[in-house]
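Chemist: Pasting a structure here, questions to come.
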Amino acid sequence: MIVRRLRTLALIALMLTLAACAGGGGRLVKPGPNPAGGKLMIDSEMEWTRMSASRYQLWTMDGELLNRLYLIPRVREREFIFLGQRQTRRRPDGAFYQRGLRADELRDLILDGLRASGTADVEATNLRPARFGNRDGLRFEFSLANPEGLRYRGMAAAFEHEKGLALAIFLAPAEHYYPRDAEKVSKMLDTLRMR
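Residue numbering for the sequence shown is -22 to -1, 1 to 173, as defined by mature numbering (1 follows the signal peptide of the UniProt record, and there is no 0).
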């Protein structure tokens, strides 16, 4: 019970930190090609609100709890898959990115990162190769529950480049929001590329 409360508090703190880092208020993302941080680009058919931090962007259409697209242009080697912590001798285990992982290992690393953020019942489906510009990568779908038990569905896209790993994660409630937007977001993820 105490562990669950601590995880919930940690997740709330993470969300507040993300909102604070985003610099308050967001900018409108218009349909068409859009920068997604660093040299990462993505095309969108719909409007989003973009909140940017120094190393990632968070896009939403209806608010973070209803749909969110995390765009991380570079996860560095030995860094936590969703940024922040680094792998050290005192902390050797965890969802830390290593260059050259197989597709199934990278999928499992992303799922471990989702679990570490306090979610439960994390499961992946449909792992497949994907091409992002001139780079090989992967795509897959997943499902999970937040600490309060709300079911979410999502999709992930990732590819390695010279400076690390580019990562995109879309997440929305399994009822209504995910089915409404999944097809369009999937098309968007297919357009990820480096400039």
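The C-beta atom is built at its ideal place from N, Cα and C for all residues, glycine as well.
Sort out for me which residues DSSP pairs residue 11 with in a bridge.
Modeler: Counting from 1 along the sequence shown, the entry for residue 11 is found at position 33. According to DSSP, residue 11 bridges with 21.
Chemist: Rounded to whole angstroms, what's the CA-CA distance from residue 177 to residue 99? Just pull it up for me.
Modeler: Here the chain comprises residues numbered -22 to 173, so residue 177 is not present and cannot be evaluated.
Chemist: If you draw a straight line from the C-alpha of residue 86 to the C-alpha of residue 8, how long is it?
Modeler: Here residue 86 refers to the residue found at position 108 of the sequence shown. Here residue 8 refers to the residue found at position 30 of the sequence shown. Straight-line Cα distance between these residues: approximately 33 Å.
Chemist: Which runs of the beta strand (DSSP E), 3 residues or longer, sit entirely within the segment 84 to 130?
Modeler: 98 to 110, 113 to 123
Chemist: Expressed to the nearest angstrom, what Euclidean distance is found between the alpha-carbon atoms of residue 153 and residue 167?
Modeler: For the purposes of this step, residue 153 is taken as the residue at position 175 of the sequence shown. For the purposes of this step, residue 167 is taken as the residue at position 189 of the sequence shown. C-alpha separation (whole angstroms): 21 Å.
Chemist: If I follow the unbroken alpha helix (DSSP H) through residue 164, where does it start and stop?
Modeler: Here the question's residue 164 lines up with position 186 in the sequence shown. Run containing residue 164: 155 to 168, per the alpha helix (DSSP H) assignment.
Chemist: In its own chain, which residues sit with a C-beta less than 6 Å from the C-beta of residue 44, not counting the 5 before and 5 after it?
Modeler: In the sequence shown, the residue the question calls residue 44 occupies position 66. Correct list, in chain order: 155.
Chemist: Can you list, in chain order, the residues of its chain whose CB lies under 6 Å from that of residue 118, leaving out five sequence neighbours each side?
Modeler: Residue 118 sits at position 140 when you count from the first residue of the sequence shown. These residues qualify, in order along the chain: 85, 102, 104, 105, 134.
Chemist: From 37, 16, 20, pick the residue whose C-alpha is nearest to that of residue 6; which is it?
Modeler: In the sequence shown, residue 6 corresponds to position 28, counting from 1. That would be 37, whose Cα lies nearest to the Cα of residue 6.
Chemist: Hey, could you find the ends of the beta strand (DSSP E) residue 16 is sitting in?
Modeler: Counting from 1 along the sequence shown, the entry for residue 16 is found at position 38. From DSSP, residue 16 is part of no beta strand (DSSP E); its letter is neither H nor E.
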